[in-house]
Amino acid sequence: QQPVQSPQAVILREGEDAVINCSSSKALYSVHWYRQKHGEAPVFLMILLKGGEQKGHDKISASFNEKKQQSSLYLTASQLSYSGTYFCGVMRPGAGSYQLTFGKGTKLSVIP
Amino acid sequence: DGGITQSPKYLFRKEGQNVTLSCEQNLNHDAMYWYRQDPGQGLRLIYYSQIVNDFQKGDIAEGYSVSREKKESFPLTVTSAQKNPTAFYLCATKDGPANYGYTFGSGTRLTVV
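What follows is the structure, given as structure tokens:
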């Protein structure tokens, strides 16, 4: 069962902030975040392993609420290079070989 | 440089034909995966393999087959039984530690004509 991402799409002007959410109806072991530009391979951004964990990477950060079974990706002071589709991938307890189930993606467009 | 090579980049197939997509890696990663991507659907797992000579079905394995005879290679065959094979196919690998993410290949776009 795929996690649910929201919003499906968002348009930002340079410098604005955005939040992308990823929710699951089942317990989560970890959450991955990836960004994919059109026609390219997804690129790994970060992984959150523990409930309550927060991570940052430049102006992109994420949190993981294990009890609520959800994760959020925060993009601050957005740049044109942030445009792309963002996917969360969730790993559930007992899943074999770190197999991830991905959400349908959130398309982010940053305009000048 | 280490990485994943998927070939070909574009592939056209006639209905009723089997076709094999190549995935080769020199990252020395044990785990390898095949995902299918359709517009608006995200990435869906077809097959995965943890070690040589072993592989498991993912969520949408019907109409596909794989082999893992070498650590470096994980080819995917799209058979004629796959009803709607036109899609973007991504191969990925993962290093052992839990805090490492996937590395993806550049993908193969398959079109059935």
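Line by line, the protein sequences give chains P and U.
With this note's numbering, letter number 17 in the first sequence gets 17, and the count goes up by one each step, no holes.
For this note's numbering, add 1000 to where a residue sits in the second sequence, where the first one is 1.
No residue lacks a Cβ here, since even glycine has one placed at the ideal position from N, Cα and C.
CA-to-CA, the gap between His-32 of chain P and Gly-89 of chain P works out to about 5 angstroms. Secondary structure remark: continuous beta strand (DSSP E) runs of at least 3 residues inside the segment 5-74 of chain P, in chain order: 9-13, 18-23, 30-36, 43-48, 54-57 and 60-65.
For Asp-1038 of chain U, the enclosing beta strand (DSSP E) stretches over residues 1031-1038.
Using a 10 angstroms sphere on the CB of Gln-1017 of chain U, the tally of other CB atoms stays under 16, which defines it as exposed. Chain-order list of chain P residues neighbouring Gln-1025 of chain U: empty, with the shortest C-beta distance near 13 angstroms, by a criterion of under 8 angstroms. One finds Ala-1098 and Asn-1099 in chain U with Cβ atoms closer than 8 angstroms to the Cβ of Leu-49 of chain P, taken in chain order. The C-beta of Lys-1057 of chain U comes no closer than 8 angstroms to any C-beta of chain P. Proximity of Gly-1003 of chain U to chain P, defined by a Cβ-Cβ separation below 8 angstroms, is not satisfied.
The alpha-carbon separation between Ser-1065 of chain U and Cys-1023 of chain U amounts to approximately 13 angstroms. Look at Ser-1080 of chain U here: in three-state DSSP terms it is coil, with no helix or strand label. Apart from sequence neighbours up to five positions away, the residues of its chain that approach Gly-1101 of chain U with a beta-carbon distance below 8 angstroms are Lys-1094, ordered along the chain. Cβ-Cβ distances below 8 angstroms link Pro-1075 of chain U to Thr-1020, Leu-1021, Ser-1022, Cys-1023, Val-1066 and Ser-1067 in the same chain, with the five nearest sequence neighbours on each side left out; the list follows chain order. Chain U has a Cβ within less than 8 angstroms of the Cβ of Glu-40 of chain P. One thing to note: Arg-35 of chain P has its Cβ within 8 angstroms of the Cβ of Leu-45 of chain P.
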